[in-house]
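Here the protein sequences line up with chains A and B, keeping their order. Residues 1 to 221 (the numbering used here) are what the first sequence spells out, left to right. Residues 222 to 442 (the numbering used here) are what the second sequence spells out, left to right. Every residue gets a Cβ at the ideal spot worked out from N, C-alpha and C, and that includes glycine. Predicted, not measured: the structure shown is a model, and the values here were computed from it.
Protein chains: 2
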Amino acid sequence: MNRLFHFPLSPFCRKVRLTLGEKRIEVELVEERYWEQGAEFLRRNPAGKVPVLRLGDRVLSESQAICEYLDETVPEPQLIPRDPMKRYEVRRLCAWFDDKFHHEVTAKLHYERLMKKVTKSGYPDGKAIREGVARFKYHLDYMAWLLEQRRWLAGDQMTLADFAAAAHLSCLDYGADVDWHRQSAVKDWYAKIKSRPSFRSLLADQVPGSPPHADYANLDF
Amino acid sequence: MNRLFHFPLSPFCRKVRLTLGEKRIEVELVEERYWEQGAEFLRRNPAGKVPVLRLGDRVLSESQAICEYLDETVPEPQLIPRDPMKRYEVRRLCAWFDDKFHHEVTAKLHYERLMKKVTKSGYPDGKAIREGVARFKYHLDYMAWLLEQRRWLAGDQMTLADFAAAAHLSCLDYGADVDWHRQSAVKDWYAKIKSRPSFRSLLADQVPGSPPHADYANLDF
Chain A
1 MNRLFHFPLS PFCRKVRLTL GEKRIEVELV EERYWEQGAE FLRRNPAGKV
51 PVLRLGDRVL SESQAICEYL DETVPEPQLI PRDPMKRYEV RRLCAWFDDK
101 FHHEVTAKLH YERLMKKVTK SGYPDGKAIR EGVARFKYHL DYMAWLLEQR
151 RWLAGDQMTL ADFAAAAHLS CLDYGADVDW HRQSAVKDWY AKIKSRPSFR
201 SLLADQVPGS PPHADYANLD F
Chain B
222 MNRLFHFPLS PFCRKVRLTL GEKRIEVELV EERYWEQGAE FLRRNPAGKV
272 PVLRLGDRVL SESQAICEYL DETVPEPQLI PRDPMKRYEV RRLCAWFDDK
322 FHHEVTAKLH YERLMKKVTK SGYPDGKAIR EGVARFKYHL DYMAWLLEQR
372 RWLAGDQMTL ADFAAAAHLS CLDYGADVDW HRQSAVKDWY AKIKSRPSFR
422 SLLADQVPGS PPHADYANLD F
């Protein structure tokens, strides 16, 4: 049986879960409290991070490398288009969300407010949260600007870039950190992704002691 | 004329410069003091980062997306092999160096000691440097372990993973932060990369006020 070692509120795990779901690859989800770094987990992935995907006899780590591998070996539906310039744009935006957005928003809101509580690693840093709130506005505006010109974030086709972005936004939405009123184009885009069957597993996530906000799993939010 | 907006001691710019050099794509190098974030630079790349590559009428950012694009459009020499599992391994290691190694070593040694001085942004943090020194040993051992089983980091062929790793090590080597005595396999591997024509431009880099250490450009180090 294929297995994904993951943590429910990790955006990188969520990107992989959405990719697996779209491609209808069945996996057993194994929750990994990665911050406790057990010896067995470190044997599976010396980087000490989630996600780790056991696929047949292979053990894969690093979310972007996993998603590219899945897209190359299970072509339908195609999440990275064939044209080199379109592929570039998908990868640029994946890096935008997994690096820049993660650093400026996810780390400052989701990790400060929710993950510090879950991992019992201190109290939220008010300054970081204020910075995260301010940067989040800029990112929502950037997404809306992209979506004015395109049906999906990287072009007219749904791609891995949409899943990278939705993975981060869904983690933030779990803690009610998303201002859905700011940009209707972003809300409409998220509603399309949220209604996909591959998203259901994310909407069912529950972290003990930290339930999601009321509209988290609501398709009409 | 193609242009690369870069900073000489950025590992991400160096990875792109090595890729351009291997593929014999001529570019004019334009030094960008990215931390000053001029309005013109932010127009070129809203992420406010280097490298930014102007290739014909296209403006590309994000080093990994740029390198993948270059490898797809200028196939020789191939830096990401065709087999999906080998491609996975190249991408896993690029992420290893650009994310984990960068966070644990480059940021803690190179940025603390050298870039803080260059950007006039404070004094080195002794605790970060001690952590970086300790983690660097672990990473050199991991590289040696890979190189015991393979000719190059990701397999028997030179790939983008070697350039990602060499880009970080060369920045650290500029400031004499690499213990070349720890693992002879790593030194031998670096000597092979260092002697490539694509590496010459990196060895000629000079940052005013912070010259490289004596053996930085020496092929017999």
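### B:His323 versus A:Pro212 - alpha carbon distance
33 Å
### Task
Examine the Cβ distances between the region 236 to 255 of chain B and the region 281 to 299 of chain B and report whether three or more of them are shorter than 8 Å.
The region 236 to 255 of chain B vs the region 281 to 299 of chain B: in contact.
### Query
Are there 16 or more other CB atoms within 10 angstroms of the CB of B:Gln285, so buried, or fewer, so exposed?
buried
### Query
Does the Cβ of A:Lys108 have 16 or more other Cβ atoms within 10 Å, making it buried, or fewer, making it exposed?
buried
### Query
Using 8 Å as the Cβ pair cut-off and three pairs as the minimum, do the region 202 to 211 of chain A and the region 179 to 192 of chain A touch?
no
### Contact set for B:Arg371: own chain, Cβ-Cβ below 8 Å, skip 5 residues either direction
Asp377
### Message
Using a Cβ-Cβ cutoff of less than 6 Å, which residues in the same chain neighbour B:Met222 once the five nearest sequence positions on both sides are dropped?
### Response
Glu249
### Message
Taking the straight line between their C-alpha atoms, what separation do you get for A:Lys117 and A:Pro51?
### Response
21 Å
### Message
Using a Cβ-Cβ cutoff of 8 Å, what residues of the region 122 to 134 of chain A are near chain B? List them in chain order.
### Response
none
### Cβ-based burial, B:Lys358 [other Cβ within 10 Å; buried from 16]
B:Lys358 should be labelled exposed.
#### Entry: Contact set between the region 280 to 305 of chain B and chain A, restricted to residues whose Cβ is under 9 Å from the partner
Cβ contacts with chain A: Leu281, Ser282, Glu283, Ser284, Gln285, Ala286, Ile287, Glu289, Tyr290, Glu293, Thr294, Pro305.
### Whole-angstrom distance between B:Lys321 and A:Ala47, CA atom to CA atom
7 Å
### Message
What residue range does the beta strand (DSSP E) around A:Arg82 cover?
### Response
No beta strand (DSSP E) holds A:Arg82; DSSP gives it neither H nor E.
### Message
On the DSSP letters alone, give me the boundaries of the alpha helix (DSSP H) that A:Glu131 sits inside.
### Response
126 to 149
#### Entry: Spatial neighbours of B:Val311 in its chain, beta-carbon cut-off 6 Å, leaving aside the 5 residues before and after
Around B:Val311: Ile301, Ala375, Thr380, Leu381, Ala382.
### Task
Provide the residue span of the alpha helix (DSSP H) that contains B:Leu374, from first to last.
Run containing B:Leu374: none; DSSP gives neither H nor E here.
### Message
Using only CA atoms, which one of A:Asp220, A:Ser210, A:Tyr216 lies nearest to A:Arg113?
### Response
A:Ser210
### Query
Where do the ends of the alpha helix (DSSP H) carrying A:His103 lie?
No alpha helix (DSSP H) holds A:His103; DSSP gives it neither H nor E.
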